[in-house]
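For what it's worth, the UniProt record's numbering labels the leading residue of the sequence shown as 1, then goes sequentially.
Built from N, CA and C at the ideal position, the CB exists for glycine as well.
Below is one structure; the comments refer to it alone.
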Amino acid sequence: MAEAEAGSAAGAQEKHAGAWPKFRRGLIKLVIAAAIAYAMAAGYMYVNQRSFVFVPSGELETPADKGLETVSAEIVEMADGTKITVWTAEPVDPGTPTVVYFHGNSSNLSGRWKRFKQIVDSGYGLYAPTHRGYAGSEGSPSEAALVSDALEHYDRAAAAGSPVIVHGESLGTGLAAAVGAERSDVGLVVLEAPYTALVDMAGESYPWLPVEMLMKDPMKTRERIGKVGAPVMIVHGTDDAVIPVDHGKRLFEFASDPKEILIIEGAGHSDLWKTGLWDAVRDKWAREGT
Numbered sequence: 001m002a003e004a005e006a007g008s009a010a011g012a013q014e015k016h017a018g019a020w021p022k023f024r025r026g027l028i029k030l031v032i033a034a035a036i037a038y039a040m041a042a043g044y045m046y047v048n049q050r051s052f053v054f055v056p057s058g059e060l061e062t063p064a065d066k067g068l069e070t071v072s073a074e075i076v077e078m079a080d081g082t083k084i085t086v087w088t089a090e091p092v093d094p095g096t097p098t099v100v101y102f103h104g105n106s107s108n109l110s111g112r113w114k115r116f117k118q119i120v121d122s123g124y125g126l127y128a129p130t131h132r133g134y135a136g137s138e139g140s141p142s143e144a145a146l147v148s149d150a151l152e153h154y155d156r157a158a159a160a161g162s163p164v165i166v167h168g169e170s171l172g173t174g175l176a177a178a179v180g181a182e183r184s185d186v187g188l189v190v191l192e193a194p195y196t197a198l199v200d201m202a203g204e205s206y207p208w209l210p211v212e213m214l215m216k217d218p219m220k221t222r223e224r225i226g227k228v229g230a231p232v233m234i235v236h237g238t239d240d241a242v243i244p245v246d247h248g249k250r251l252f253e254f255a256s257d258p259k260e261i262l263i264i265e266g267a268g269h270s271d272l273w274k275t276g277l278w279d280a281v282r283d284k285w286a287r288e289g290t
């Protein structure tokens, strides 16, 4: 009996000892497969990341198509030769500001025509460029290219002599902040539904990726906003499902005085102009504009 029990115990030990190498080999294979899958996913995101950030669509219509009789469509050539479409309108008088408007990441410039109508109907001037790579413009978008373009666009608009309000919408808020940080004569910087940084947005959406290492266009507005010398106005909606309102609140903390934040209760990402944004901007200019 004792010999049988000893033999049984020895067999069990041998079986257990033989099972461990199989388990280890299986575990190693699983880890390798997971690592390959992760590397493939990370590689895909790295290669295609700009298609997530810049989403142009549709054909660019003309101002006349939208009933904007006082607005002209011009083709301007950037320093590197890239041709960009810009919608422009003169202010009613030299003391009235021109709004340099940097649009968001989707659709194209003509999709913002209702906003532009509010601007020109108020007697303000307009200088609204398309982003390179979007309908109506040549080239490919990137942070470096768009920031360079934004500075050049601002200089063109400011050369006319009227005061300038730099307005950024969503993606364009990073460009507006960059201009405000580099140009001391900006009259007012308006940031509509801004982000602290594109890399912060990416980190929130893809926490499993090392986005700080992979992001080609981090657009760190939080590092630029404190260098803006002009008054800063941040407008954000509490129900923004694209860029959470916390981004606007945190960015406000990074900004230097004079600064103001307007949080619109119940407003989403794209309806701030329907819920008082432009009236608030005009009131801000009346109080602090130069």
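Item                                                                                                                                                                        : Value
Using the three-state DSSP reduction, which class does E260 fall into: helix, strand or coil?                                                                               : strand
What alpha helix (DSSP H) runs, 4 residues minimum, are completely inside the segment 147–223?                                                                              : 171–182, 198–205, 211–214
Is it buried or exposed for Y134, if we count other Cβ within 10 angstroms and need 16 for buried?                                                                          : buried
Using the Cα positions of V99 and V71, report the straight-line distance between them to the nearest angstrom.                                                              : 13 angstroms
Cα-Cα, which of E260, H153, S270, D271 is closest to R287?                                                                                                                  : E260
Check whether the Cβ atoms of A79 and T62 sit closer than 7 angstroms, and answer yes or no.                                                                                : no
Could you tell me which of S170, A145, V186 sits nearest to G161, measuring between CA atoms?                                                                               : V186
What separation, rounded to the nearest whole angstrom, lies between the Cα atoms of W273 and E212?                                                                         : 33 angstroms
Please classify L30 as buried or exposed, where buried requires at least 16 neighbouring CB atoms within 10 angstroms.                                                      : exposed
Whose C-alpha, out of D217, D257, S110, L198, is nearest the C-alpha of L60?                                                                                                : S110
With 16 other CB atoms within 10 Å as the buried threshold, where does Y101 fall?                                                                                           : buried
Hey, how far is the Cα of M201 from the Cα of G58?                                                                                                                          : 25 angstroms
What does the Cβ neighbour count give for G237, buried or exposed, with the cut at 16 atoms within 10 Å?                                                                    : buried
Taking only runs that begin and end inside the segment 84–135, name each unbroken alpha helix (DSSP H) of 4 or more residues, in chain order.                               : 113–121
Return the chain-ordered list of same chain residues with a C-beta closer than 8 angstroms to the C-beta of L151, the five sequence neighbours on each side being excluded. : A178, V179, E182, R183
Span of the alpha helix (DSSP H) holding G248?                                                                                                                              : 245–254
Please name the residue, chosen from A255, L209, K220, P210, that lies closest to G229 on a Cα-to-Cα basis.                                                                 : A255
Helix, strand or coil: which one does DSSP assign to E265?                                                                                                                  : coil
With the cut-off set at 7 angstroms, would you say L188 and P258 are in Cβ contact?                                                                                         : no
Would you decide whether K284 is buried or exposed? Buried here means 16 or more other CB atoms lie within 10 Å of its CB.                                                  : buried
List the residues that DSSP assigns as beta-bridge partners of M233.                                                                                                        : V190, E260
Can you check DSSP and say which residues form a bridge with residue 306?                                                                                                   : The displayed coordinates of the chain run from 1 to 290. Any statement about residue 306 would go beyond what the structure contains.
Kindly indicate the opening and closing residues of the alpha helix (DSSP H) around K284.                                                                                   : 277–288
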